[in-house]
Amino acid sequence: MTVRVQEAPFDLGAETNAFATGRSDAGAVVTFTGIVRDLARGDLDRMVIEHYPGMTERALEKIEADARARWDLRDCLIIHRYGAMGPGDMIMMVATASPHRADAFQAAEFLMDYLKSRAPFWKKEITSDGAEWVASKAEDEDALGRW
Amino acid sequence: MTVRVQEAPFDLGAETNAFATGRSDAGAVVTFTGIVRDLARGDLDRMVIEHYPGMTERALEKIEADARARWDLRDCLIIHRYGAMGPGDMIMMVATASPHRADAFQAAEFLMDYLKSRAPFWKKEITSDGAEWVASKAEDEDALGRW
Amino acid sequence: MIDVLYFAWVRERIGLPKEQVETNATTVGELVEELKAREERYEAAFADLSALRVAVDQDLTDFDAPLAGVREVAFFPPMTGG
Amino acid sequence: MIDVLYFAWVRERIGLPKEQVETNATTVGELVEELKAREERYEAAFADLSALRVAVDQDLTDFDAPLAGVREVAFFPPMTGG
């Protein structure tokens, strides 16, 4: 059960292998990875993520504890970066391990839904035209309704 | 869009990195990995997976094409092993990449549900007591009903 | 001549993975009846068709499927991959 | 004395990330009214409370939350992580 908030890049493959290797207590491992997308018009220079040190870790740990209370999880990992990133860079990942594939999938979706709307991160997109804070989506808030 | 059926182990981390790296066309990558679980009584010696060469690739390619028709996927990967494996070994993985996280999650679950019940693989568990073919679960067949 | 394939416990019960069968059966169900009439081990393997699945030319189908023009029929238990 | 923190465009609009505020406000809402009365930039940042979120001692809450015993209040737009 690990939560990491960091400026440095992480190695998705190494993290996934470390999480899943030799895990004979849990037949199902699910990962989600968020990647900086280029904008539709193709001119994203970089993305900057701001966060609220202290509250971020606290919020992620609460979300992770909620997921563990709801599903049969043998392990859980959340990594989220802050600072400047370019298109194609990995922003964050979650991983879940469970004896049941439905639990591993649902817990990973739950982690993502709550992380999106309840963990204090804010994205700013910087293009040649200037900088703009990304607006939250009603669908992200709505996604919480299903849990 | 890749389907691989192989006896050799695969490197989950390397496959995941190769799939996700630099993917600025799709902000969401989901992976599922199936791992050989030890039995409740802890005496699994090895698992042997039999398959139907020819039909296996055909079935997986159809499942993958169905997923691509239903969701906005930028890429899709299925790797499934056959032959002998021990507890903790990785059996298979799927990966999906989409601009939308809900699509990436749903497509990965769809691939798994269909792979479980429609791709010609059969598992045999070998313990000190002998060998037994794993019985299919009604819940796996039922899982198809939601799609 | 049709190639008939067996997998998993069906293969073990019948004792071979594949054989060529000369048949006049027009459906998979008729082919099963012919095989059952051959020997005890076929009778045992095909005793409960609800526990079996069938593929014709590598596509899943059911026991009503016609055999005209078919090259390959496979019998096996429900799949357990993933 | 309460530490008041601002993030994202709230921070940019007010022009600082953090300040200490001497206040007699008993709720977050009253604190917001005090801040708005100070200067135009606060008025601008807090113009539409439905576009803002608030955390008290690092837990998300709402504008009715009491301030008794509170050390830290943070204002920010809806989160956009992930």
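Here the protein sequences come in this chain order: A, B, C and D. With my numbering applied, the first sequence corresponds to residues 158 to 304, in that order. With my numbering applied, the second sequence corresponds to residues 158 to 304, in that order. With my numbering applied, the third sequence corresponds to residues 654 to 735, in that order. With my numbering applied, the fourth sequence corresponds to residues 654 to 735, in that order. Note that beta-carbon positions come from the ideal geometry of N, C-alpha and C, so glycine has one too.
Do you know how far the Cα of A:R203 is from the Cα of A:Y209? Here residue 209 of chain A refers to the residue found at position 52 when the first sequence is read from its first residue. Here residue 203 of chain A refers to the residue found at position 46 when the first sequence is read from its first residue. Looking at the two C-alpha atoms, the distance is approximately 20 Å.
Under 9 Å from the C-beta of C:L713: neighbouring residues of chain B: Numbered from its first residue, the third sequence carries residue 713 of chain C at position 60. Going along chain B in sequence order, the residues near C:L713 (Cβ under 9 Å) are M212, A216, R275 and P277.
Measuring alpha carbon to alpha carbon, tell me which of A:A292, A:E207, A:V160 and A:C233 ends up nearest A:R180. Here residue 180 of chain A refers to the residue found at position 23 when the first sequence is read from its first residue. Closest option to A:R180, Cα to Cα, is A:C233.
Cβ contact check for the region 277-294 of chain A and the region 189-204 of chain B: 3 or more pairs under 8 Å: no
Find the nearest neighbour of B:R303 within the set B:M249, B:A264, B:I236 and B:E164, judged by alpha-carbon distance. As a working mapping, residue 303 of chain B is identified with position 146 in the second sequence. It is B:A264.
Interfacial residues, the region 176-191 of chain B to chain A, with Cβ spacing under 8 Å: A177, T178, G179, R180, S181, D182, A183, G184, A185, V186, V187, T188, F189, T190 and G191
Which same chain residues end up closer than 7 Å to B:K273 when comparing Cβ atoms and leaving out the 5 residues on each side of it in sequence? Within the second sequence, residue 273 of chain B is the residue found at index 116, counting from 1. Closer than 7 Å at the Cβ level, and outside the excluded window around B:K273, lie D297.
Using beta carbons (cut-off 8 Å, strictly below), is B:L272 in contact with chain C? The residue given as residue 272 of chain B occupies position 115 in the second sequence. It does: the Cβ of B:L272 has a partner Cβ on chain C nearer than 8 Å.
Inspect the beta-carbon positions of C:T714 and C:A708 and report whether they are closer than 8 Å. Translated into the one-based positions of the third sequence, residue 714 of chain C becomes position 61. Translated into the one-based positions of the third sequence, residue 708 of chain C becomes position 55. It is a contact, given that the beta carbons lie within the stated cut-off.
Should A:D299 be labelled buried (16 or more other beta-carbon atoms within 10 Å of its own) or exposed? As a working note, residue 299 of chain A is residue 142 in the first sequence. Label assigned to A:D299: exposed.
So with Cβ pairs under 8 Å, would you call B:G245 a contact of chain A? In the second sequence, the residue the question calls residue 245 of chain B occupies position 88. With 8 Å as the cut-off, B:G245 counts as an interface residue toward chain A.
What residues in its chain sit with their C-beta under 7 Å from that of B:M249, if we drop five residues either side in the sequence? For the purposes of this step, residue 249 of chain B is taken as residue 92 along the second sequence, with counting starting at 1. Result list for B:M249: G191, I236, H237 and R238, in chain order.
Can you tell me which of the three DSSP states A:A183 falls into? For the purposes of this step, residue 183 of chain A is identified with residue 26 of the first sequence, where counting begins at 1. Of the three classes helix, strand and coil, the one that applies to A:A183 here is coil, per DSSP.
Applying a beta-carbon distance threshold of less than 7 Å, which residues of chain D neighbour A:E207? By 1-based counting over the first sequence, the position of residue 207 of chain A is 50. Near A:E207 (Cβ distances below 7 Å), the residues of chain D are F660 and A661.
Taking the C-alpha atoms as reference points, what is the distance between B:E306 and B:W279? Absent from the model: residue 306 of chain B. The displayed extent of chain B is 158 to 304, so no value can be given.
Distance, Cα to Cα, D:L658 vs D:R691? Position 5 of the fourth sequence, counted from the first residue, corresponds to residue 658 of chain D. Position 38 of the fourth sequence, counted from the first residue, corresponds to residue 691 of chain D. Cα-Cα distance, rounded: 16 Å.
I'd like the span of the alpha helix (DSSP H) that includes B:G170, first residue to last. Along the second sequence, read from residue 1 onward, the residue named residue 170 of chain B stands at position 13. Start and end: L169 to A177.
List the endpoints of the continuous beta strand (DSSP E) containing C:Y695. For this step, residue 695 of chain C is matched to residue 42 along the third sequence. That residue, C:Y695, is in no beta strand (DSSP E); its alpha helix (DSSP H) goes E693 to A698.
Look at the alpha carbon of A:T188 and the alpha carbon of A:E218, and state the distance between them as a whole number of angstroms. In the first sequence, counting from the first residue as 1, residue 188 of chain A sits at position 31. In the first sequence, counting from the first residue as 1, residue 218 of chain A sits at position 61. Each residue's alpha carbon lies about 18 Å from the other.
Neighbourhood of D:P730 by C-beta distance below 8 Å, restricted to the same chain and skipping five residues each side: Locating residue 730 of chain D in the fourth sequence gives position 77, counting from the first residue. So the qualifying residues of the chain are F660, A661, W662, V663, A704, L705 and R706.
Residue nearest to C:Q673 in terms of C-alpha spacing, selected from C:E725, C:A698 and C:E687: In the third sequence, counting from the first residue as 1, residue 673 of chain C sits at position 20. When each option's Cα is compared against that of C:Q673, the closest is C:E725.
In this structure, what does DSSP give as the bridge partners for C:M719? In the third sequence, the residue the question calls residue 719 of chain C occupies position 66. According to the sequence as given, residue 719 of chain C is Pro; it is not Met. Its beta-bridge partners are C:T680.
In chain order, what residues of the same chain lie with their CB nearer than 8 Å to the CB of D:Q711, ignoring the 5 residues before and after it? Here residue 711 of chain D corresponds to residue number 58 of the fourth sequence, with the count starting at 1. Taken in chain order, the residues that qualify are E725 and A727.
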